[in-house]
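Throughout the sequence shown, residue numbering follows numbering that gives the first Met the number 0, covering 0 to 359 in sequence.
Structure first, commentary second.
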Amino acid sequence: MSSIFLFAILLLGFVITFQIAKASEYVGILKGEKKNLEQNNRINGFLMIVFLVLGLIGVWWCNDLFKGRILGEAASDHGQKIDQMLYITIGITGVVFFITQILLFWFSFRYQHTENRKAYYFPHNNKLELIWTVVPAIALTVLVGFGLMYWFQITGDAPKNAMEVEVTGKQFNWIFRYPGKDNVFGKKYYRNISDKDNNMLGLLWDDEHSHDDIVVSNTMYLIVGKPVKLIINSRDVIHDVGMAAFRMKMDAVPGMPTTIWFTPLFTTVEMKKKTGDPDFEYEISCDQICGRGHYSMRGEIQVVTEEEFILWRAKQQPNYTEVMKAKEPPSTPVAGKDSTAAPAAKLKLNTTSKLVAQTK
Ligand SMILES: [Cu+2]
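Structural data, given as structure tokens:
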């Protein structure tokens, strides 16, 4: 309701100003052209001040309206640095904004045309130009420098204790792979990708390291306080891993893995309390328009304690086990198929014993 009122007041103000201007124009015509010019000048000068005051109030009002509504507290160490950098940038540019806007409109009002004054001709001043070039250049270099430093940090080497998760974007969801007990990702080959055979990443079963790799869709589990390195891929077009709560974003490019690392600072449960929102979930969005279902590429991230993570991982079946289970022959052996059934059963036995070892 109040916004309708505000809009009505603004509209009324505009109509009144327009009518006054129109009326004074007619008066001006009656009085003669010179008087008309002076009057127009005064009205324009006055409007400059009105615009300045209303504009600054508007900026303040907007800022107040959206305070705390946009992103909330950053939930990663890197995110906190990004926020700090953003506030410093807004602080510096904000001060410059207020000074320049006030000067701009005040000067237009104060030094409007009069018959009694002639403009001072001031074509060039080296010292002034040097100051207004060098000072912003230094300020911007420092700001950009910090940005670059943080960028090199998150795209550079992760700490030795970091866990690794492979994130693969596809039209239209996310696939996450964990290296399993051996901590090594098995090899994969894009031609082996087959959703029908439940091999969404094209893992090569010849490589032993792939046998304990855990592949899950849509929800990624991370450990609170433990650095995580994401190895990012795409199966088809360019996607982009966007994690607003962590202030992280990285393109997922087919055939060219990209990496970022960060440390989540709060568990999902802690964030529910912090935000006062019982439905809060860390979100992974696709930040690159990638096709018709782009909007639906929403994944979730569960940040949990180390114990909870171990428990979750123990419950997951390696992709290999799932695939071999599906290939398992019917209980009554069919003649002629025995030769393939034997190795499959043997392989299954292998992974089951591995699983047991893992849960221990
Ligand atoms: Cu996408």
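We put the CB at the ideal spot given by N, CA and C, even for glycine.
Being a predicted model, the structure only gives us computed values, none of them experimental.
Item checked: Where D278 falls: helix, strand or coil (DSSP) -> By one-based count along the sequence shown, residue 278 stands at place 279. Of the three classes helix, strand and coil, the one that applies to D278 here is coil, per DSSP.
Notebook entry, point to check: So what does DSSP say about P253, is it helix, strand or coil?
Noted result: The residue you call residue 253 lines up with position 254 of the sequence shown. Residue state, collapsed to three classes: strand.
Note to self: Under 9 Å, Cβ to Cβ, is there at least one residue of chain D near K159?
What the structure shows: Here chain D cannot be found, since the structure has a single protein chain.
Check: Are the region 156-176 and the region 188-200 in contact at 8 Å, needing three or more beta carbon pairs?
Finding: yes
Notebook entry, point to check: Where does the unbroken beta strand (DSSP E) through E299 begin, and where does it stop?
Noted result: Within the sequence shown, the letter at position 300 stands for residue 299. Counting along the chain, the beta strand (DSSP E) containing E299 begins and ends at G298 to V303.
Margin query: Restricting to runs no shorter than 3 residues, where is the beta strand (DSSP E) found entirely within the region 188-216?
Written below: 213-216
Notebook entry, point to check: Sorry if obvious, but does the Cβ on F171 come closer than 8 Å to a heavy atom of ligand 1?
Noted result: Taking the sequence shown and counting its residues from 1, the one referred to as residue 171 is at position 172. Flag set: Cβ of F171 near ligand 1.
Checklist line | For F17, the three-state DSSP class (helix, strand or coil) | finding: Within the sequence shown, numbered from 1, the residue matching residue 17 stands at position 18. Three-state result, F17: helix.
Notebook entry, point to check: What residue does the beta strand (DSSP E) around F175 start on, and which one ends it?
Noted result: The residue you call residue 175 lines up with position 176 of the sequence shown. Counting along the chain, the beta strand (DSSP E) containing F175 begins and ends at N172 to Y177.
Next item on the list: Alpha carbon to alpha carbon, how far is V95 from F145? Give it in angstroms, no decimals.
Entry: The count along the sequence shown starts at 1 and reaches residue 145 at position 146. The count along the sequence shown starts at 1 and reaches residue 95 at position 96. Cα to Cα, the separation comes out at about 20 Å.
Check: Given a threshold of 16 other Cβ atoms within 10 Å of its Cβ, counted over all protein chains shown, does S75 qualify as buried or as exposed?
Finding: Within the sequence shown, the letter at position 76 stands for residue 75. The residue is buried, with at least 16 neighbouring Cβ atoms inside 10 Å.
Next item on the list: Tell me whether the beta-carbon of G241 lies closer than 9 Å to the beta-carbon of S209.
Entry: As a working mapping, residue 241 is identified with position 242 in the sequence shown. As a working mapping, residue 209 is identified with position 210 in the sequence shown. No. Outside cutoff.
Item checked: Candidates D212, F261, K80 and G254: closest to T320 by CA position -> On the sequence shown, residue 320 is found 321 positions in, with the first residue counted as 1. Residue D212 is the option with its Cα nearest to T320.
Check: Using 8 Å as the threshold, is the region 188-196 in touch with the region 109-126, meaning 3 or more CB pairs across them?
Finding: no
Check: Quick one: Cα of V133 to Cα of K248, how far?
Finding: Translated into positions along the sequence shown, residue 133 becomes position 134. Translated into positions along the sequence shown, residue 248 becomes position 249. Approximately 32 Å between the Cα atoms of the pair.
Check: Can the beta-carbon of D235 be found closer than 9 Å to that of D286?
Finding: Residue 235 sits at position 236 when you count from the first residue of the sequence shown. Residue 286 sits at position 287 when you count from the first residue of the sequence shown. No, the pair does not count as a contact, with Cβ atoms beyond the cut-off.
Notebook entry, point to check: Excluding sequence positions up to five away, which residues of its chain have a Cβ less than 6 Å from the Cβ of A356?
Noted result: Taking the sequence shown and counting its residues from 1, the one referred to as residue 356 is at position 357. Reliability fails at A356, whose pLDDT of 41 lies under 50, so the model's placement of it is uncertain and no value is given.
Checklist line | Contacts around I174, its chain only, beta-carbon distance under 7 Å, and the 5 residues preceding and following it disregarded | finding: Position 175 of the sequence shown, counted from the first residue, corresponds to residue 174. Same-chain partners within the cutoff: T167, M199, L200, V214 and S216.
Next item on the list: Please state whether DSSP places M148 in a helix, a strand or coil.
Entry: Taking the first residue of the sequence shown as position 1, residue 148 is located at position 149. The answer is helix: DSSP assigns M148 an H, G or I state.
Check: Should H112 be listed as close to ligand 2, given that the test is whether its C-beta is under 8 Å from any heavy atom?
Finding: Here the bound small molecules are ligand 1; ligand 2 is not part of this structure.
Item checked: Straight-line gap, F108 to N39 (C-alpha atoms, nearest Å) -> Taking the first residue of the sequence shown as 1, we reach residue 108 at position 109. Taking the first residue of the sequence shown as 1, we reach residue 39 at position 40. Distance between the alpha carbons of F108 and N39 is about 12 Å.
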